[in-house]
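Data block below; observations after.
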Amino acid sequence: MSYQQQADHAKQQPEQFWLEQAQQLAWYSPPEQALSQDEHGNYRWFKGGSMNTAYLALDYHCENGRAEQTALIYDSPVAEQKQQFTYAQLRDEVSSTAGMLAAQGVTKGDRVVLYMPMIPQAAIAMLACARLGAIHSVVFGGFAAQELAVRIDDAQPKVILTASCGLEGAKVINYMPMVSLALEQSQQMTTPVLVWQRPQQAVEFNQQYLDWQALQQQAEPADCVPVDATDPLYILYTSGTTGKPKGVVRDNGGHAVAMNYSMQAVYNVKPGDVFWAASDVGWVVGHSYIVYAPLIYGCTTILYEGKPVRTPDAGAFWRVASEHKVKVLFAAPTAFRAIKKRDPDGALVKDYDLSQLQDIFMAGERLDPPTLEWTINKTDKPVTDHWWQTETGWAIAGNPLGLERMPVKAGSATKALPGYQVTILDEMGDECGPMAQGFIAIKLPLPPGCLPTVWGDQARFESAYLKQFPGYYVSGDGGYIDEDDYLFVMGRIDDVINVAGHRLSTGEMEEVVGAHPAVAECAVIGSHDDLKGQVPFGLVVLKDGVQQSEQEVSKELVQKVRNEIGPLACFKQAIIVQRLPKTRSGKILRRTLRQLADGEEYAIPSTIDDPASLGEIEELMRQGRTMI
Numbered sequence: 001m002s003y004q005q006q007a008d009h010a011k012q013q014p015e016q017f018w019l020e021q022a023q024q025l026a027w028y029s030p031p032e033q034a035l036s037q038d039e040h041g042n043y044r045w046f047k048g049g050s051m052n053t054a055y056l057a058l059d060y061h062c063e064n065g066r067a068e069q070t071a072l073i074y075d076s077p078v079a080e081q082k083q084q085f086t087y088a089q090l091r092d093e094v095s096s097t098a099g100m101l102a103a104q105g106v107t108k109g110d111r112v113v114l115y116m117p118m119i120p121q122a123a124i125a126m127l128a129c130a131r132l133g134a135i136h137s138v139v140f141g142g143f144a145a146q147e148l149a150v151r152i153d154d155a156q157p158k159v160i161l162t163a164s165c166g167l168e169g170a171k172v173i174n175y176m177p178m179v180s181l182a183l184e185q186s187q188q189m190t191t192p193v194l195v196w197q198r199p200q201q202a203v204e205f206n207q208q209y210l211d212w213q214a215l216q217q218q219a220e221p222a223d224c225v226p227v228d229a230t231d232p233l234y235i236l237y238t239s240g241t242t243g244k245p246k247g248v249v250r251d252n253g254g255h256a257v258a259m260n261y262s263m264q265a266v267y268n269v270k271p272g273d274v275f276w277a278a279s280d281v282g283w284v285v286g287h288s289y290i291v292y293a294p295l296i297y298g299c300t301t302i303l304y305e306g307k308p309v310r311t312p313d314a315g316a317f318w319r320v321a322s323e324h325k326v327k328v329l330f331a332a333p334t335a336f337r338a339i340k341k342r343d344p345d346g347a348l349v350k351d352y353d354l355s356q357l358q359d360i361f362m363a364g365e366r367l368d369p370p371t372l373e374w375t376i377n378k379t380d381k382p383v384t385d386h387w388w389q390t391e392t393g394w395a396i397a398g399n400p401l402g403l404e405r406m407p408v409k410a411g412s413a414t415k416a417l418p419g420y421q422v423t424i425l426d427e428m429g430d431e432c433g434p435m436a437q438g439f440i441a442i443k444l445p446l447p448p449g450c451l452p453t454v455w456g457d458q459a460r461f462e463s464a465y466l467k468q469f470p471g472y473y474v475s476g477d478g479g480y481i482d483e484d485d486y487l488f489v490m491g492r493i494d495d496v497i498n499v500a501g502h503r504l505s506t507g508e509m510e511e512v513v514g515a516h517p518a519v520a521e522c523a524v525i526g527s528h529d530d531l532k533g534q535v536p537f538g539l540v541v542l543k544d545g546v547q548q549s550e551q552e553v554s555k556e557l558v559q560k561v562r563n564e565i566g567p568l569a570c571f572k573q574a575i576i577v578q579r580l581p582k583t584r585s586g587k588i589l590r591r592t593l594r595q596l597a598d599g600e601e602y603a604i605p606s607t608i609d610d611p612a613s614l615g616e617i618e619e620l621m622r623q624g625r626t627m628i
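Taking full-length UniProt numbering, the leading residue of the sequence shown gets 1, the next gets one more, and so forth.
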């Protein structure tokens, strides 16, 4: 079936469409009904179906001819270590780890918090929880103790799993002080902590801090526990506007069906192919496309502990793709901008054989056209932008390469994928016409794989996502759909600024600024102005080796925005900075930058990757420095 046939089928007969996709999986008891509603009125998929996600990801393949195929490749330039697991080896590791958890009293429905670096045991522990029907909640290793404490209090885990340290380049990050402080700050002070000891950092074990390796060796292997399709698989916390993170719930059945479908329809891979999502298991991309989707589909997945640059150079991604014969590479645009900054001419690409690499996917933030163009030109590979959120678990819109390869439009995530009814609404909740910007919303019910609720907080689920436009899920992003049904995501709704009565997209200005040949990456922020309401200014990182002076580049950028958007944009400041403050997942901290620009009090987000970058910009603003 073509894209349009599948999209129409999913829209007109959603239950039949998704039951057909569910039949691709090995259920213990297949669902007879696709869609239902719970006591709160939340939509649920495949109620009554019985299954186990770890069985689908491991045991099923071992029973059907893939036992000796490589399931997981661990590649760590920072630990100088590589390791491979076949499906049979990974199943056995998961089974013994599940046995270790069961010996600690973990059973179906219990929560387990993981605070882990990018090592195989992170993925193994996630699958071990799934094997028992326990609910895992992964917290990015290295998060601040306070943030870990909040998540521990909300999830109330039976056990915490961690490692002795994480590795950030040459730095060793000792996890033990952060875990200890988090437990002191939480209401779960006596929760047992199982620690995987890495050679870079020793741990002193005691009655609460237990030796993971020793306990796993002693454990009896555990079998898969059948769960209902609507039982939770995991909780993943996403930042909330109130300061308290929201626990996005992912169920077992809908998630497995969506993961399996997306590997074929979106990424166009086949069982046995090598799939690499260059993310972290602390983020939704890591959950969906490092651990679950590739293994459920029978692919080989890569778990990479390192950066796109400085491990050891900007050729790191190309080395991994070449060495492991990667067919599809998926990473955030910020990774490619970092590579572009260090290697603007793409010289390092030529050092590696990328003949096996068929497609590059990007998501996690808006893919600016200059980064799209640079990546295509330097790699000679097709690049697909696709848009999704922690809440949805898989792509809302994209180029469905497994159905048909559509023409690329720079700045667009292509079309809504089958199952998603995406529309643009104005402030009154009325549908906008083609090219009109507004709120991006998705008509309910959301397809399988998306969040059915927020952990322990139905009221917050409704207020955050459902109340603004009844009958729709509100994405929080703004954009427009063109005459060809291509979706353009222009950024968070609060990235639209009002300049003297004109509503302007800072994302559009970023496109213009980012297209300058000297610019590696940029952010355009709106700040308060007594006369015009808001005015934009740019923060710009230059490529390495730029010959022009900073002042020349800044003047050209101001003129460029004036020429391409118009004088009404009032873009008069372009400040050159060494780096932009980002989360560890690569998103620029625009909200914090706006607070900084307006002189408001702000808290340094727990997710920040490089706190010094914020300090540098604060100092420039304090000096009132511009480059014009």
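All residues carry an ideal CB built from backbone N, CA and C; glycine is no exception.
Note that the structure is predicted; figures quoted are calculated from it, not measured.
Per DSSP, what are the beta-bridge partners of residue i in this structure?
i: Gln81; result: Ser76
i: Ala523; result: Leu539
i: Gly116; result: Note that residue 116 corresponds to Met in the displayed sequence, not to Gly. Bridge partners of Met116: Phe140.
i: Leu127; result: According to DSSP, Leu127 bridges with nothing at all.
i: Asp359; result: Val328
What number of angstroms, rounded off, separates the C-alpha of residue i from the C-alpha of residue j?
i: Tyr292; j: Tyr465; result: 25 Å
i: Trp45; j: Ala10; result: 14 Å
i: Lys532; j: Tyr237; result: 37 Å
i: Glu305; j: Tyr60; result: 28 Å
i: Ala321; j: Phe143; result: 29 Å
i: Pro387; j: Phe330; result: For the record, residue 387 in the displayed sequence is Trp; it is not Pro. For Trp387 and Phe330, the distance between alpha carbons rounds to 12 Å.
i: Asn377; j: Arg584; result: 27 Å
i: Gly478; j: Glu510; result: 15 Å
i: Gly402; j: Gly419; result: 15 Å
i: Pro245; j: Leu451; result: 15 Å
i: Pro605; j: Gly615; result: 13 Å
i: Val172; j: Val106; result: 31 Å
i: Thr384; j: Gln534; result: 34 Å
i: Lys543; j: Ala170; result: 24 Å
i: Gln5; j: Phe17; result: 11 Å
i: Ala436; j: Ile493; result: 14 Å
i: Tyr55; j: Ile152; result: 27 Å
i: Gly471; j: Leu444; result: 6 Å
i: Tyr486; j: Val266; result: 16 Å
i: Pro308; j: Asp345; result: 16 Å
i: Pro271; j: Asn563; result: 50 Å
Quick check on the burial criterion: 16 or more other C-beta atoms within 10 angstroms. Buried or exposed for residue i?
i: His40; result: exposed
i: Pro567; result: exposed
i: Tyr28; result: exposed
i: Ala395; result: buried
i: Glu404; result: exposed
i: Glu601; result: exposed
i: Glu619; result: exposed
i: Gly411; result: buried
i: Ser2; result: exposed
Note down, in chain order, each residue of its chain lying with its Cβ closer than 7 Å to the Cβ of residue i, except the 5 sequence neighbours on either side.
i: Tyr209; result: Val193, Val195, Val203
i: Thr506; result: Gly491, Asp495, Ile497, Val524, Ile525, Gly526, Pro536
i: Val349; result: Trp318, Lys378, Thr379
i: Leu580; result: Glu521, Ala523, Leu539, Val541, Ile588, Ser613
In chain order, what residues of the same chain lie with their CB nearer than 8 Å to the CB of residue i, ignoring the 5 residues before and after it?
i: Lys582; result: Thr334, Ile588, Leu589, Ile608, Asp609, Asp610, Ser613
i: Ser76; result: Lys82, Met118, Ile119, Leu167, Tyr304, Glu305, Gly306
i: Val454; result: Lys246, Gly247, Val248, Val249, Arg460, Phe461, Ala464
i: Gln578; result: Val541, Ser613, Glu616
i: Asp273; result: Cys299, Thr300, Lys327, Val328
So, for residue i: in the same chain, excluding its five sequence neighbours on each side, which residues have a beta-carbon less than 6 Å away from its beta-carbon?
i: Gly438; result: Ile424, Leu425, Asp426, Cys432
i: Gln12; result: none
i: Leu19; result: Ala34
i: Ser96; result: Gln216, Ala219, Pro221
i: Ala314; result: Ile339, Arg342, Asp343, Leu348
i: Glu149; result: Contrary to the premise, residue 149 reads as Ala rather than Glu in this sequence. Cβ neighbours of Ala149 beyond the five flanking positions: Ala182, Gln185, Ser186.
i: Thr392; result: Cys450
i: Thr242; result: At Thr242, the pLDDT of 48 sits below 50, so the modelled position is not reliable and the matter cannot be decided from this model.
i: Leu367; result: Pro333, Asp385
Tell me whether residue i counts as near the ligand FAD, meaning its Cβ is closer than 7 Å to at least one heavy atom of that ligand.
i: Thr97; result: What this structure holds is no ligand at all, so the ligand FAD is not there to describe.
Any C-beta of chain C sitting closer than 8 Å to the C-beta of residue i?
i: Asp385; result: Within the model displayed, chain C is absent; a lone protein chain is all it includes.
Checklist entry - Which ranges does the alpha helix (DSSP H) cover as unbroken runs of at least 4 residues, wholly within the segment 144-216, from first to last along the chain? => result If we require 4 residues or more, the alpha helix (DSSP H) runs fully inside the segment 144-216 come out as 145-155, 176-185.
Item to check | Any beta strand (DSSP E) of 3 or more consecutive residues that is wholly inside the segment 377-436 | outcome: Entirely contained in the segment 377-436, the beta strand (DSSP E) runs reaching 3 residues are, in chain order, 383-385, 422-425.
Item to check | Inside the segment 456-493 only - beta strand (DSSP E) runs reaching at least 3 residues | outcome: Counting only runs of 3 or more, we get 472-481, 487-492.
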